[in-house]
Amino acid sequence: MRSLREGQPGLPSLAGMQIERVTLRWPRHIATPSPAVFRRRIGGRTICDVRRRGKYLVFPLDRGTLLIHLKMSGDLRLAPAASPPDRFDRTVLHLRQGWELRFSDARKFGKLYLLDDPSLVLSRLGPEPLERAFTHRTLARRLARHRRQLKPALLDQSVIAGLGNIYTDEALHRSGLHPLRSTDSLTDGEIRSLWRGIRAALRNGLRYDGASIDWVYRGGDFQNHFRVYQRTGEACPACGTPIARMVVGQRGTHFCPTCQPEQSS
Ligand SMILES: [Zn+2]
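Pasting the structure below:
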């Protein structure tokens, strides 16, 4: 995302570019409005900035706002119009400056929204964990609203925005909490340690960011620095116990049975 906003060697910044037209090879990418209206309204718009909110990439336009949710397999690339396309490029924004913003999406789960008021979608999201206003008390309040298992609660974007499967596993390991702990069983101290764990896991991801677009979710070589995520059977970096895996809410979940005991002690 930073590279789209600020540019990088060989790539200009997206801000200031004008959208000439769109190619829709998978019209169901368009969540709202209808593909026909989307096609008509997006032509001629200028991209003013590139931001992120939760898992959405946010493009304020000279009129309205474009939101893109990459979902599982989506990838967004700025490429010269003359360069060969990727076979999974489903939606392509053709830019007047000779570039294309290509949304490649093998599994087709991604979505685009063109809205006058982006809060229609974004106001459903919980707070951003790295923002100053997100304190351990905010976290405690949000977790207290429902009694549920800890990991699905953290993945719920309306509770906290932006935590995916990787960061949730990493944050829980850093905080020494079992993924199935009930949200209403957490002590004040455990909430504080969870709060620290979430922020430390996200910051660590940022530190290893390469040139990837979606810096929070796909940091450059962050995958080489996971503590537990997809390290089943390897030694826990804190205590040496083999990392265990289980499925929670259909998501593969990695944890240390010693550092993250099922019952609080
Ligand atoms: Zn351990």
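Sequence positions in the sequence shown follow our numbering and run 764 to 1028. All C-beta atoms in this analysis are idealised placements derived from N, C-alpha and C, irrespective of residue type, glycine included. It should be emphasised that the depicted structure is a prediction, and the values quoted were computed from it without experimental measurement.
Endpoints, the alpha helix (DSSP H) within which residue i is located
i     : result
E933  : N928 to S938
D951  : D951 to R970
L883  : S882 to L885
T901  : H899 to A907
F1018 : No alpha helix (DSSP H) holds F1018; the beta strand (DSSP E) holding it covers R1014 to F1018.
I923  : That residue, I923, is in no alpha helix (DSSP H); it is neither H nor E in DSSP.
A799  : P798 to I805
Distance between residue j and residue i (C-alpha atoms, nearest Å)
i     : j    : result
E1025 : A998 : 19 Å
V1010 : L841 : 36 Å
R994  : R803 : 47 Å
P942  : S956 : 14 Å
V991  : L864 : 34 Å
D849  : V821 : 23 Å
G773  : D852 : 21 Å
I793  : T950 : 43 Å
G973  : L883 : Low confidence applies here, because G973 scores a pLDDT of 34, under 50, leaving its location unreliable; read the following figure in that light. When rounded, the distance between both Cα atoms is 32 Å.
H857  : L902 : 41 Å
Buried versus exposed call for residue i [16 or more other C-beta atoms within 10 Å across all chains shown]
i     : result
E769  : exposed
T1016 : buried
T854  : buried
V800  : exposed
H909  : exposed
C1019 : buried
L926  : buried
T931  : buried
A934  : buried
Closest Cα partner of residue i within the set the options
i     : options                    : result
P823  : L839, K834 and I805        : I805
Q1023 : G873, A794, L902 and P1005 : P1005
S945  : R959, P915 and E933        : P915
Q1029 : R784, E891, V855 and N928  : This structure does not reach residue 1029, given that the chain is present from 764 up to 1028, and the question cannot be answered.
H899  : W958, S867 and L917        : W958
D825  : L839, Q781 and G837        : Q781
R970  : G960, E953, I954 and H988  : H988
Any non-hydrogen atom of ligand 2 closer than 7 Å to residue i Cβ
i    : result
A778 : Among the ligands in the structure shown, ligand 2 does not appear; only ligand 1 can be found there.
The segment 866-881 / the segment 830-839 touching (three or more Cβ pairs under 8 Å): With a cut-off of 8 Å, the segment 830-839 and the segment 866-881 count as touching, because enough Cβ pairs lie within range.
Touch test, the segment 806-816 against the segment 774-787, Cβ-Cβ under 8 Å, three pairs minimum: The segment 806-816 is in contact with the segment 774-787.
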